Amino acid sequence: MIEIPSDLHKGLVPLAFLLGNWAGAGVHDFPGSEKCNFGQEAVFTHDGRDFLEYHSHTWVLDGEGNKVRPLESESGFWRIDADRKVEATMVRNDGVVEVWYGELAEKKPQIELATDAVARTAASGPYSGGKRLYGYVSSDLMWVGEKQTPEVPLRPYMSAHLKKVVTPEDVERWAKALPDDLPDDGIAFFK
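Counting from 356, one number per residue, gives the positions in the sequence shown under my numbering.
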């Protein structure tokens, strides 16, 4: 279920499917780095202005699904214009800053982005650009990222399947929104 907060900037309504706290797991595989499963927490928030704020943390998982060590972290801001064009600015812990452009698909909650500009600090590894695809599928957020370096052509390197994290505040808000005339026996509710 996609909720549209009453205080969400009206221009951001097409991106409302991203809002919330998300958690899940995925796969990381890129030449020159460790192939591994990873866990992820991602958060998309808003404060009434014309952008979404984004934070993501990933960590390597062992064979039993336990956290081993941090993998990647990134933060940024997402915007969308009246023509469904999406822009995102992101900064990553490895010293990479990116500007992404793309668009929201017609009639479905799916965003495809590509890097337009990349800046790297001296400490960052080789990186020359990437693509990402985000989709809201059956109430879950799924994404795949591709990247390229001067030595490696564009190829998938990370993908994840995230589920919405339900907070006690969410449950309280949903409970207050229930109609007053619900059946009192619970059984009639399912008939």
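Glycine included, each C-beta is placed from N, C-alpha and C at the ideal position. Keep in mind it's a predicted model, so treat the numbers as computed, not measured.
Leaving out five residues on either side along the sequence, give the residues of the same chain with a beta carbon under 6 Å from the beta carbon of residue i.
{"i": "K422", "result": "W414"}
{"i": "K390", "result": "D384"}
{"i": "E429", "result": "S411, M445, R447"}
{"i": "K486", "result": "A469, E501"}
Return helix, strand or coil for residue i, following the three-state DSSP convention.
{"i": "K462", "result": "coil"}
{"i": "D402", "result": "coil"}
{"i": "L348", "result": "Residue 348 lies beyond the residue range present for the chain, which begins at 356 and ends at 546; the question has no answer from this structure."}
{"i": "P523", "result": "helix"}
{"i": "L373", "result": "helix"}
{"i": "G387", "result": "coil"}
What does a CB cutoff of less than 7 Å around residue i pick up in its chain, not counting 5 residues either side in sequence?
{"i": "F393", "result": "A380, G381, H383, T413, W414, V415, L416, L426"}
{"i": "Y482", "result": "V451, V473, R475, K502, T504"}
{"i": "P369", "result": "I435, R439, L459"}
Residues bridged to residue i by DSSP?
{"i": "D495", "result": "V492, K518"}
{"i": "N392", "result": "V382, L416"}
{"i": "E501", "result": "K486, P511"}
{"i": "K440", "result": "E458"}
{"i": "R528", "result": "DSSP output for R528 lists no bridge partner at all."}
Take residue i and list the residues in its own chain whose beta-carbon comes closer than 8 Å to its own, dropping the five residues that flank it on each side.
{"i": "G403", "result": "D362, L363, H364"}
{"i": "A371", "result": "I357, E358, I359, P360, L363"}
{"i": "D495", "result": "G379, H516, L517, K518, K519"}
Buried or exposed, going by whether 16 or more other CB atoms sit within 10 Å of the CB of residue i?
{"i": "T470", "result": "buried"}
{"i": "G431", "result": "buried"}
{"i": "E453", "result": "buried"}
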